[in-house]
Amino acid sequence: MAKSFSFNKRQKEKLKQQKKLEKQKRKELRKSQGKDSMDDMIAYEDDFGQLHSSPDEIVKDEVKLEDIEVSIPKKSEEEEDTSLTGKVSYLNVEKGYGFIQQEDSRNSYYFRLSNAPEEIEIEDKVSFKTEDSARGKNAIDIAIVSR
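Number 101 in numbering that gives the first Met the number 0 belongs to position 102 of the sequence shown; there are no gaps in the numbering.
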């Protein structure tokens, strides 16, 4: 049996077919021009931030193996001799640790009693050095300056 379409349905079907043909023609036109729209959108950046349309345009400087220097900077004596001063703000002799509040700063440093003199007490002014640990900086080489 033949399909029975109303006038509106036939008109919609014609429009759908027409749009499909137009889309196909546009696609064929793009292919015939030889340009892919994605390739037109890509830009390549060189070391100086300049944009180029192809990677072949980028000029790279050759680095010679002899020009590469691998070294570790030497520590100066000033870096090794940086000791800080502060006041013992907390001390727990039973558990073997304490905290030093740095002068002129809000920084507080953890220390173990094994790194401090035996006669250390709360409110003692001390000088110390710091070392990095997994939980932050710790005070080491603690010396009492005044009581």
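Beta carbons are placed, not taken as given, at the ideal position from N, Cα and C, and that holds for glycine.
Residue i, enclosing alpha helix (DSSP H) - first and last residue
i	result
arginine 25	6-32
Contacts around residue i, its chain only, beta-carbon distance under 7 angstroms, and the 5 residues preceding and following it disregarded
i	result
lysine 124	Thr84, Lys86, Val144 and Ser145
glutamine 100	Gly85, Lys86, Ser88 and Ser107
In DSSP terms, what residue i is bridged to
i	result
leucine 50	Glu44
aspartate 131	Lys136
valine 125	Gly85 and Ile143
CA-to-CA distance, residue j to residue i, given in whole angstroms
i	j	result
glutamate 65	proline 54	27 angstroms
glutamate 27	leucine 20	11 angstroms
valine 62	lysine 30	42 angstroms
arginine 134	alanine 115	19 angstroms
threonine 48	glutamate 68	The question names threonine, but residue 48 in the sequence shown is glycine. Going by the C-alpha atoms only, they are around 26 angstroms apart.
glutamine 16	lysine 22	10 angstroms
phenylalanine 110	aspartate 103	19 angstroms
phenylalanine 6	lysine 18	19 angstroms
isoleucine 121	arginine 105	17 angstroms
glutamine 32	isoleucine 41	18 angstroms
aspartate 45	serine 132	41 angstroms
lysine 59	lysine 24	42 angstroms
glycine 97	lysine 73	33 angstroms
leucine 90	serine 70	43 angstroms
8 angstroms CB neighbourhood of residue i in its chain, flanking five on each side removed
i	result
serine 113	Gly95
glutamate 130	Lys136, Asn137 and Ile139
lysine 128	Thr81, Ser82, Leu83, Ala138, Ile139 and Asp140
glutamate 118	Ile143
First and last residue of the uninterrupted beta strand (DSSP E) at residue i
i	result
serine 107	107-111
6 angstroms Cβ shell around residue i - same chain, five flanking residues per side excluded
i	result
histidine 51	Tyr43 and Ile57
lysine 8	none
serine 126	Ser82, Thr84, Ala142 and Val144
glutamine 10	none
* **Length at least 4, wholly inside the segment 58-105: the alpha helix (DSSP H) runs in chain order** => 76-79
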